Structures are given as C-alpha cells and as structure tokens.
Amino acid sequence: MPATKPPYPPEFRAEAVRLVRESGKKLQQIAADLGVSEASLRKWVRQAGIDAGQRPGLTTAEREELNRLRRENRILREEREILKKSRSLFCPGEPTEPVTVFRFIEQEKAHHPVATLCRVLGVSTSGYYAWRQRGASRRSQEDADLSQRIRLIHAGSRGTYGAPRIHAELRLTHGVRCGRKRVARLMRAMGLAGVHRRRTRGITLRDPRRPVYPDRLGRQFVPDAPNRVWVADLTQHRTEEGWLYLATVVDAFSRAVVGWAMGNRPVAELVVDAVTMAVRRRRPGPGLIHHSDHGVQYTSLAFTRRLEVLGIAGSMGSVGDALDNAMAESFYATLQRELLDRQAWATRDQLRMAIFEYVEGFYNRRRRHSALGYLSPYEYEERWIQERKAQPQEGVVA
Numbered sequence: 034m035p036a037t038k039p040p041y042p043p044e045f046r047a048e049a050v051r052l053v054r055e056s057g058k059k060l061q062q063i064a065a066d067l068g069v070s071e072a073s074l075r076k077w078v079r080q081a082g083i084d085a086g087q088r089p090g091l092t093t094a095e096r097e098e099l100n101r102l103r104r105e106n107r108i109l110r111e112e113r114e115i116l117k118k119s120r121s122l123f124c125p126g127e128p129t130e131p132v133t134v135f136r137f138i139e140q141e142k143a144h145h146p147v148a149t150l151c152r153v154l155g156v157s158t159s160g161y162y163a164w165r166q167r168g169a170s171r172r173s174q175e176d177a178d179l180s181q182r183i184r185l186i187h188a189g190s191r192g193t194y195g196a197p198r199i200h201a202e203l204r205l206t207h208g209v210r211c212g213r214k215r216v217a218r219l220m221r222a223m224g225l226a227g228v229h230r231r232r233t234r235g236i237t238l239r240d241p242r243r244p245v246y247p248d249r250l251g252r253q254f255v256p257d258a259p260n261r262v263w264v265a266d267l268t269q270h271r272t273e274e275g276w277l278y279l280a281t282v283v284d285a286f287s288r289a290v291v292g293w294a295m296g297n298r299p300v301a302e303l304v305v306d307a308v309t310m311a312v313r314r315r316r317p318g319p320g321l322i323h324h325s326d327h328g329v330q331y332t333s334l335a336f337t338r339r340l341e342v343l344g345i346a347g348s349m350g351s352v353g354d355a356l357d358n359a360m361a362e363s364f365y366a367t368l369q370r371e372l373l374d375r376q377a378w379a380t381r382d383q384l385r386m387a388i389f390e391y392v393e394g395f396y397n398r399r400r401r402h403s404a405l406g407y408l409s410p411y412e413y414e415e416r417w418i419q420e421r422k423a424q425p426q427e428g429v430v431a
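Sequence positions in the sequence shown follow this note's numbering and run 34 to 431.
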C-alpha cells in the first residue's frame, strides 16, 4: 500500500454515504471496513446533505468553483510577482536577449515553477533547458563574475552607487575593464540602483541689520590647492526626539568635509565649532577664504570674531541665490539622499552617530565624486600631494 493514499473518487464517496444512511451499521464500523478515517466519512455524509439541500453550506459544485477561483487568483498573484521581479530586465525600446531572461529564470526557479516563469516571460521551456544543457558561455560566466563584484561594491557603498560610480570603482580599484552600459545592464538584471537627487531643505534665517562679508569668489569655487577656499552651510533633520542641526565646512578643492558640529539648536556656536575643528585638522596657511550664505549664525558677532582671530577672510554670496553657495548645498543634497532620507531616525544620538560614520568613514575616504574623476576626496588630495612631490623644485639642478 502506498504511503500516501490517492484521493477517493466521487463514486466511492457516494456509495460510502449510502452505506451510512441505509445499511444500519455504525459509521465507525463502516469507516473501519472501508479503510477510511471516521472524520473523512463524516465529512462526506455532511457534504452529501448540503448537496441535497438538506442542510446549509457550500455544495460540492460551489466548493469546486470556489477552489477554481482561488487557484486562478493564486496564479495571477504569482504572475504579478514574477513580472514585478523581472521589471528591470525590460527597457522600453530595447530588446531583451533571451539569455538574460534565462539567467533570471535560473535565479528564480527555487521560488516559482520553470514552466510558469517561461510562460510569463515569453520564452520557451525547451529554450531554457537547452541553454542550461549547453552550460554558461564565456560571456555569461564573465557577466556572473562581474555581477558578483558589482553587488559587493553596491553593498559597500551603502546601496548609494549607481552605474557611473560602480564603473569607476571597478576600473580604479579592481582594474576591471568593462563598459558603463554593461554595468548598467547587469545592475538592472539584479534590481540594483543608486539613490537619486532630491530637493534639499534650507534653514537660512537672515538678519538685515547685521553687516555681511563681500563675495570674494564670484562663484569661482574651485581653487588650485587645498585650504584655499572653504564653503560652509547649516542644515537640519528631524528625529522622533526633535530636530538635529549639522554645520559643516567643506574644502572646495577636494570636496572633503574638514569640519563639522552637531547640536539640538541652530545656534552660532555650531558654525564656530565647525570652523574651529577645520582649522585644528588642516592648519591652513594665510589667504584662506571662508564662504557661506547670509544666515544669522554666520553674521553673528561670535562667528565673525572667530574668523578674525583665525586670520580667515569671510565671504558671502548674494541673498536668495542658491548658486552662490552651491558647493556646500551639493554636499547636503548628497547627505540627504544617501543617508538622511533613507530611514526614520528615533533619536538624535542615533542620527548623530550615523552622520559621523557617513562623513568620516565613507564620504571623505571612500565615496567617489564625479567632479574629482571618480576619486574620493582624500584620494584626490593624496594624488595632488604626490604630483607636487614629483615636480622638480625651483633652484634644484637635476
């Protein structure tokens, strides 16, 4: 006898019910004689009464229709799930190679039947199995290896890198030569994407009674060496405890964040502490310009006196023009899309720790910047230092 009994045919069940109703034997005895469970036999008798209109409930025909509808609904849900997962495979106006679909099926076959995957994605099961039998081609194997590298780089970037930065990481760090379009294609196949720029939230409050610095830059933000121009700004982000405020100082040469301070209120001490940290870390020479907007923190007596003591020339753009402090605001846009807006923050301490880790552990040291030839800020500065060392010194005869 098989370990699992096959389902009983309708004729068998009908005759079993007749025995219960007409033989005069007890249900328990009939169940034992027929080798069925008492629960099953009672269920058949109850269902026969429903079908005959003798008791309330779903008839067999209604139950079969309900099961059919549930089955169709389950199939539709599965098809929709497959289409959602495979959405990145298909781009409008671009044909999708069958081998790309076959690779997706190979990844998903543990979750969905192969026949269903093939039907929904419009490829034949014979084509899929022929592809499997041939084995992965050299290009397919290279794609598989490259996909693994891409996945690791994307994870290492905290899920922020898109195809351009991952392509740069492959080329500059791993020595992998491949096209950016190929990286983008493989990322689509894996459902990976970078984060996108969103509008930043400014908090600049001005006091027209306070004196301001002249604009010493005229939007010429990029100097030819570090510690020539620093750009500064102040931003805020909400936690469940309340707002956390962040003041930063960015070196315009390398985009490195050289000073920062965080607090519960947007007071002048924040911007004073940020520039003080920057001076302690960088020890700039004479001629440094500090550029900011007209916020009350930067026009405060405490801050202007601090710049005077440090020997730093203040500079401010025009009122209401975001381009006049675009570099500092660009950093906040990056911080916002890559960290701040990606989750809810319960406490200020939680957000404070995350910002510190992002700035000092990722942004300055590892994050590739398109304006720096896809080097990180510290890599860019190190390359500048090495190039300076390699240049012949004036007055030295080779």
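Backbone N, C-alpha and C fix where the C-beta goes; we use that ideal spot for every residue, glycine too.
Only a predicted model underlies this, so the values are computations on that prediction, with no experimental measurement involved.
Let me know if Ala49 comes out buried or exposed under the rule of 16 or more other beta-carbons within 10 Å of its beta-carbon.
That one is buried.
Under 9 Å between C-beta atoms of Pro317 and Ala285
Pairing Pro317 with Ala285 gives a Cβ-Cβ distance that is not under 9 Å.
Alpha carbon to alpha carbon, what distance is there between His144 and His187?
Computed Cα separation, rounded: 24 Å.
Rounded C-alpha distance that separates Phe364 from Arg120
Those two C-alpha atoms are separated by around 32 Å.
Out of Ser333, Ala258 and Ala289, state which residue places its alpha-carbon closest to the alpha-carbon of Trp417.
When each option's Cα is compared against that of Trp417, the closest is Ala258.
Who are the near neighbours of Gln61 in its chain, counting only those whose CB is closer than 8 Å to its CB and skipping five residues on each side?
Cβ neighbours of Gln61 within its own chain (closer than 8 Å, five residues either side excluded): Glu71.
Please state the DSSP three-state secondary structure of Arg249.
Note: Arg249 maps to coil in three-state DSSP.
Close Cβ partners of Ala201 (< 7 Å) along its chain, the five nearest in sequence each way excluded
Counting only Cβ-Cβ distances below 7 Å, and skipping sequence neighbours, we find Arg401 and Tyr407.
Which term fits Phe135, buried or exposed, when burial requires 16 or more other beta carbons within 10 angstroms of its beta carbon?
Phe135 should be labelled buried.
Pick helix, strand or coil for Asp266, following the three-state DSSP scheme.
In the structure shown, Asp266 sits in a strand (DSSP, three-state: E or B).
At 4 residues or longer, what runs of the alpha helix (DSSP H) sit wholly inside the region 295-349?
Entirely contained in the region 295-349, the alpha helix (DSSP H) runs reaching 4 residues are, in chain order, 301-315 and 334-343.
Contact between the region 270-288 and the region 386-406: three or more CB pairs below 8 Å?
In the pairwise beta carbon analysis, the region 270-288 is classified as touching the region 386-406: at least three pairs are separated by under 8 Å.
What's the C-alpha gap between Gly90 and Asp178?
Gly90 and Asp178: Cα-Cα distance of roughly 58 Å.
Assigned exposure category for Ala301 - 16 Cβ within 10 Å defines buried:
Label assigned to Ala301: buried.
Extent of the continuous beta strand (DSSP E) to which Val282 belongs
Start and end: Trp276 to Asp284.
For Ala294, which residues of its own chain have a beta-carbon under 6 Å away from its beta-carbon, when the five flanking residues on both sides are left out?
Beyond the five residues adjoining it in sequence on each side, Ala294 comes within less than 6 Å, by CB distance, of Ala280, Leu303, Asp306 and Ala307 in the same chain, given in chain order.
Buried/exposed call for Asn100, threshold 16 Cβ in 10 Å
Looking at its Cβ environment, which holds fewer than 16 other Cβ atoms inside 10 Å, Asn100 is exposed.
Those runs of the alpha helix (DSSP H) which lie wholly inside the region 59-108 and span at least 4 residues
DSSP runs (the alpha helix (DSSP H)) wholly in the region 59-108: 60-67 and 71-84.
Using only the alpha-carbon positions, how far apart do Trp164 and Glu412 sit?
Here the alpha carbon of Trp164 sits roughly 44 Å from the alpha carbon of Glu412.
Could you tell me the boundaries of the alpha helix (DSSP H) in which Pro197 lies?
Ala196 to Leu205 is the extent of the alpha helix (DSSP H) around Pro197.
Measure the CB-CB distance between Pro197 and Ser348 and report whether it falls below 9 Å.
Not a contact, by the Cβ cut-off of 9 Å.
Find the nearest neighbour of Phe254 within the set Val147, His324 and Ile199, judged by alpha-carbon distance.
Looking at Val147, His324 and Ile199, the one whose alpha-carbon comes closest to that of Phe254 is His324.
Straight-line gap, Arg221 to Arg184 (C-alpha atoms, nearest Å)
Between the alpha carbons of Arg221 and Arg184 lies a gap of roughly 11 Å.
Measure from the alpha carbon of Tyr194 to the alpha carbon of each residue in Gln174, Glu414, Phe395 and Lys422, then state which is nearest.
Taking only the C-alpha atoms, the option nearest Tyr194 is Phe395.
Determine which residues share a DSSP beta bridge with Val290 and list them.
DSSP output for Val290 lists Val283 as bridge partner(s).
Here's a check: name, in chain order, each residue in its chain whose Cβ is nearer than 8 Å to the Cβ of Thr380, leaving out the five neighbours to either side.
Residues of the same chain with a CB within less than 8 Å of the CB of Thr380, apart from the 5 flanking positions on each side, are Thr272, Glu273 and Glu274 in chain order.
Test item: CB-CB of Val228 and Arg375 under 9 Å
Cβ distance < 9 Å, so Val228 and Arg375 count as in contact.
Under the three-state DSSP convention, the category His145 falls into
For His145, the secondary structure class from DSSP, reduced to helix, strand or coil, is coil.
Short of 6 Å in beta carbon distance, which residues of its chain neighbour Tyr246, apart from the five on each side in sequence? Order them along the chain.
Gly347, Ser348 and Met349, listed in sequence order.
Three-state secondary structure assigned by DSSP to Leu368
It is helical.
Assuming Pro432 and Leu267 make a contact with CB atoms under 8 Å, what is their CB distance in whole Å?
Residue 432 falls outside the range modelled here, since the chain spans only 34 to 431, and no answer is possible.
Which same chain residues, not among the five before or five after Gln140, have their C-beta less than 6 Å away from its C-beta?
Taken in chain order, the list of residues that qualify is empty.
Cβ neighbour criterion (16 or more within 10 Å) applied to Gly320
Burial call: exposed.
Contacting residues, own chain, Cβ-Cβ under 8 Å from Arg421 (five flanking each side not counted)
Closer than 8 Å at the Cβ level, and outside the excluded window around Arg421, lies no residue.
Using DSSP with H/G/I as helix, E/B as strand and the rest coil, what is Arg213?
Correct three-state label for Arg213: helix.
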